[in-house]
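Remarks on the structure that follows.
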Amino acid sequence: MSNVRLYLEPEVQNLPGSIGLHYQRCTDSLVSLVVIIGYETGLRSDSSSNDFQQVHVWNFKSNGDLKVCFACNGWNDTYNQCYADSPITEEMGYGFHVTRPFQRITNCRIYNNNWATDNRVIGIYIADGGTHGTYLGNHFTAREEHRILKAFDGNLDSACIVGNSYAPTVSGGLVCQMPSGGGGASQMPITSIAGDRLNLAHPVDTPEGGLVGDLAWSEDARGSMLWVRTPTGWKKARLE
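Per my numbering: the sequence shown ends with 579, consecutive numbering throughout.
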């Protein structure tokens with residue numbers, strides 16, 4: 340599918356549960372150069388191994404809610420150069436809502452425009468089932484007084500999130516991480532850091548979760564601590 344516009348006129352109110360493009364029972368295909376305007380969900384994939392390129396989702400405010408721009412319920416799909424152009428809802432809205440594993444979202448834009456609600460948008464939300472995804476080179480931005488609450492949120496433990504950029508109008512969820520070890524449904528090699536140092540840029544509170552081999556640094560009344568995640572939990576050493 341290519342060079343298609345799915346469009347509601349500005350004066351047309353969308354229906355609850357409406358979807359602009361719903362992909363089902365269709366695999367190994369390409370969707371490109373598509374504009375979707377006016378629906379409660381822009382694009383929803385419930386299939387697998389499909390590629391979505393240069394898909395632009397947005398609404399006129401008069402169309403009604405745009406709750407989710409991209410509902411990523413497929414398995415092993417890719418989204419490249421797509422544009423989540425402002426969820427518009429009084430509830431929490433989502434640029435990309437990921438529920439299945441092995442998604443790859445790259446070089447996309449997530450925007451909160453002047454019709455959107457301030458601090459009620461998650462750029463990319465990863466549900467518990469959306470593991471082992473890769474998120475590279477995406478840009479998160481918003482109008483002043485229409486901020487994005489979090490760029491990334493949800494289950495981030497096995498997500499590779501690198502090289503994304505965040506405007507000052509993004510309130511939180513600024514993430515840069517490469518998962519190391521473990522794998523579960525996917526084999527993940529141990530991360531190798533080039534150069535002569537590993538920089539733990541920010542101290543944390545007592546760490547929780549994480550993967551075996553993770554490192555963390557904390558600063559509190561007990562002093563400076565270096566933590567390592569072992570098979571039996573987090574262990575600490577005091578730094579003198």
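Ideal Cβ positions, reconstructed from N, Cα and C, are used throughout, including at glycine.
Let's test the definition: count the other Cβ atoms within 10 Å of the Cβ of residue i and tell me whether it reaches 16, buried, or not, exposed.
i	result
Gln-442	buried
His-485	buried
Pro-349	exposed
Cys-515	exposed
Leu-369	exposed
Gly-359	buried
Pro-355	exposed
Asn-412	buried
Round the Cβ separation of residue i and residue j to the nearest angstrom and send it over; I've been treating them as touching at under 8 Å.
i	j	result
Gly-469	Asn-494	7 Å
Asn-353	Glu-379	6 Å
Tyr-433	Ile-465	Not quite, the Cβ-Cβ distance comes to about 10 Å (not below 8 Å), so this is no contact.
Leu-550	Trp-556	Contact doesn't hold; Cβ gap of about 17 Å is too wide.
Below 6 Å CB to CB, which residues in the same chain sit around residue i once its five sequence neighbours on both sides are set aside?
i	result
Val-581	No answer is possible for residue 581: it lies beyond the span of the chain, which begins at 340 and ends at 579.
Asn-446	Asn-419, Gln-420, Gly-476
Asn-451	Ser-425, Val-460, Ala-481, His-485, Ile-487
Ser-388	Thr-366, Asp-367, Asn-415
Which partner residues does residue i have in the DSSP bridge list?
i	result
Ser-356	Residue 356 is actually Gly in this sequence, not Ser. According to DSSP, which records beta bridges pairwise, Gly-356 is partnered with nothing at all.
Tyr-362	Ser-384
Asp-390	Leu-369, Thr-417
Tyr-422	His-395, Arg-448
Using DSSP with H/G/I as helix, E/B as strand and the rest coil, what is residue i?
i	result
Leu-495	coil
Asn-402	helix
Val-437	strand
Gly-549	coil
Asp-328	No answer is possible for residue 328: it lies beyond the span of the chain, which begins at 340 and ends at 579.
Arg-561	coil
Ser-531	Here the model assigns Ser-531 a pLDDT of 49, short of 50, so the residue's position is not dependable, and the following value carries that caveat. In the structure shown, Ser-531 sits in coil (DSSP, three-state: anything other than H, G, I, E or B).
How about residue i: is its Cβ closer than 7 Å to a heavy atom in the ligand ATP?
i	result
Tyr-505	Of the ligands one can find in the structure shown there are none, so the ligand ATP has no counterpart to examine.
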